[in-house]
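To start, the structure itself, in structure tokens.
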Amino acid sequence: MTIYKAAVIGGGPAGLAAALAASKGGKVLLIEREARLGGILKQCVHDGFGVIRFGEKLSGCEYAQRFIDEVRSNKEIDIRLLTYVIGIKKNKTFHITATSSSGIETYEAENLILANGCRERTARQVNIHGTRPAGVMTAGVAQNFVNLLGVLPGKRCVILGSGDIGLIMARRLTLEGAEVLGVYEAKNTPSGLTRNISQCLNDFNIPLHLSATVKRVFGNKRVEAVEICKVTEKMEYIRGTEEILPCDTLIVSVGLIPENELAESLSVEIDPRTRGPVVDQNMQTMQDGVYSVGNALHVHDLVDYVSETAETAGKALLQPAAPRELVKVDAKGFLYLVPQRLDLASIKDSTVFYFRTAVPRKAATLTVRANGQTIYARNYTNLKPPEMEKISIPLKPRTGEKLEFILSDKEV
Numbered sequence: 196m197t198i199y200k201a202a203v204i205g206g207g208p209a210g211l212a213a214a215l216a217a218s219k220g221g222k223v224l225l226i227e228r229e230a231r232l233g234g235i236l237k238q239c240v241h242d243g244f245g246v247i248r249f250g251e252k253l254s255g256c257e258y259a260q261r262f263i264d265e266v267r268s269n270k271e272i273d274i275r276l277l278t279y280v281i282g283i284k285k286n287k288t289f290h291i292t293a294t295s296s297s298g299i300e301t302y303e304a305e306n307l308i309l310a311n312g313c314r315e316r317t318a319r320q321v322n323i324h325g326t327r328p329a330g331v332m333t334a335g336v337a338q339n340f341v342n343l344l345g346v347l348p349g350k351r352c353v354i355l356g357s358g359d360i361g362l363i364m365a366r367r368l369t370l371e372g373a374e375v376l377g378v379y380e381a382k383n384t385p386s387g388l389t390r391n392i393s394q395c396l397n398d399f400n401i402p403l404h405l406s407a408t409v410k411r412v413f414g415n416k417r418v419e420a421v422e423i424c425k426v427t428e429k430m431e432y433i434r435g436t437e438e439i440l441p442c443d444t445l446i447v448s449v450g451l452i453p454e455n456e457l458a459e460s461l462s463v464e465i466d467p468r469t470r471g472p473v474v475d476q477n478m479q480t481m482q483d484g485v486y487s488v489g490n491a492l493h494v495h496d497l498v499d500y501v502s503e504t505a506e507t508a509g510k511a512l513l514q515p516a517a518p519r520e521l522v523k524v525d526a527k528g529f530l531y532l533v534p535q536r537l538d539l540a541s542i543k544d545s546t547v548f549y550f551r552t553a554v555p556r557k558a559a560t561l562t563v564r565a566n567g568q569t570i571y572a573r574n575y576t577n578l579k580p581p582e583m584e585k586i587s588i589p590l591k592p593r594t595g596e597k598l599e600f601i602l603s604d605k606e607v
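Just so we're aligned, residue 196 is where the sequence shown starts under our numbering, counting upward by one.
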């Protein structure tokens, strides 16, 4: 049996980039459960991908294809499509059990890169009451219908949630001839990127309703109407604000959840804020040899950063294995901060961090303290929770040092 340098689970943008980087150190196994590589990018026909990495606007399909071509021409990468991982055990190496049309097979690898991506929350996960007629779907499913299957899912559509996929589908459905009656967001601020609010809603005169949600669905065989209701900041219904809105389709875009069942089966520590694994600056989890990248680690705005985290992991596992010395990073004022640990044994001149603010901030200061002493500070303007930030910070922490990251509205 071939013992691979690394096994990469997931053939989307993260898995493709990780496989390419890791292949420079030996044979790599790339496992994908679908029939084609590319992940969600296969159905993303809009542009905006690759601006940071390639310096040009590409569609999701074009961005993925550049990596797919490299992977397929790389003789060090073995690809398994329509293959589903059903179990992973670790002894000295990782033993991966997978099922496919060939039956149940076991593969062995020195390292494991989890690039599973994320899944969408459904209507049932946000407690929408009513019947279960046809016409209720997630934004990703609607995107699949329109862009891959050539099927218009409905003619009068209501979109719940202002996530980026929902905003993009509001525009896409309008272009295909459907009427989008409105986008309803339970929070008092949009969840999607500012550019998508402008390009997908404002440019097409699609109304955005904040602090409003879908309370009930009506219909037997097909959606006939939804009940819209205003909500408080605590997500409580405001009586007397109910409105019945006739429609035939409800599209849900209420957030993404990293796919981490495999990580949990390996007892990998999960960060409740990101819902992805706790990692060091090499994207290695608290289980030696297990790496987490892309949207399985935390949900990214830009695919360019998805590829970046994957390459970080792929390059890190090529280095000689050494005992890690981990320092915890305490974060205050953030929705989340990644990485959550630093490995002193492999620290470099600067460390890349990804973060989101917990609340909108017109002016903010990011302060880094070591044992109470400020060692780094940077000012920001107009921080928003939907927009992820990336920063490279020169750090040389010492053993036992208390490292604090503080994001505040005023300079500390």
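Backbone N, C-alpha and C define an ideal beta-carbon position, used for all residues, glycine too. Predicted model only: the values in this text are computed from it and were never measured.
Boundaries (first-last residue) of the alpha helix (DSSP H) holding residue i
i	result
V259	Reading off the sequence, residue 259 comes out as Ala, not Val. It spans 255 to 268 - the alpha helix (DSSP H) in which A259 sits, taken as one unbroken run.
R593	Per DSSP, R593 belongs to no alpha helix (DSSP H) and is neither H nor E.
Proximity winner among the options, relative to residue i (alpha-carbon distances)
i	options	result
I588	I281, K579, L598, S603	L598
K543	N477, G298, K585	N477
L389	K429, N577, R248, K200	Leu is not the amino acid found at residue 389; the sequence shown has Thr there. For T389, the nearest C-alpha among the options comes from N577.
L309	A565, L362, G484, T427	G484
R573	P534, T469, K579, T562	T562
S545	G349, E227, L537	L537
A365	K382, D398, N383	D398
L253	N391, G205, D242, R261	D242
S460	Q260, G234, I283, F244	I283
I204	Q482, R470, I281	I281
V418	L225, V409, K425, I272	V409
V346	L362, I360, L368	L368
K429	S406, P555, L492	S406
E229	G489, L277, P208	L277
Run of the beta strand (DSSP E) containing residue i, from where it starts to where it stops
i	result
N577	568 to 578
A558	556 to 565
L355	351 to 355
L532	529 to 533
D359	From DSSP, D359 is part of no beta strand (DSSP E) but of the alpha helix (DSSP H) over 359 to 370.
I283	279 to 285
V488	Neither: V488 is in no beta strand (DSSP E) and is coded neither H nor E.
V494	It is not in any beta strand (DSSP E) - V494 carries neither H nor E in the DSSP assignment.
S587	584 to 588
L537	536 to 538
L224	223 to 226
DSSP-derived helix/strand/coil call for residue i
i	result
P453	strand
A201	strand
V607	Note that V607 scores a pLDDT of 47, beneath 50, so its modelled location is shaky; the value from the coordinates is reported in the next line. Three-state DSSP puts V607 in coil, outside helix and strand.
D273	strand
G377	strand
C395	helix
D499	helix
P208	helix
L521	strand
V246	helix
L215	helix
L236	helix
L388	coil
S406	coil
T546	strand
K252	coil
M196	coil
A508	helix
A230	coil
A458	helix
Per DSSP, the bridge partner or partners of residue i
i	result
P441	A420
F600	A526, V563
N306	A201
R551	Y531
G414	V418
P472	I465
I446	M332, I354
A293	V280, E300
Q479	Y486
T288	Note: T288 sits in no beta bridge, so no partner.
V426	Y432
Below-8 angstroms beta-carbon distance, residue i vs any chain B residue
i	result
F399	Structure shown: chain B not included; a single protein chain is present.
Item to check | Within the segment 299 to 343, ranges of the beta strand (DSSP E) (whole runs, at least 3 residues) | outcome: 313 to 315, 331 to 333
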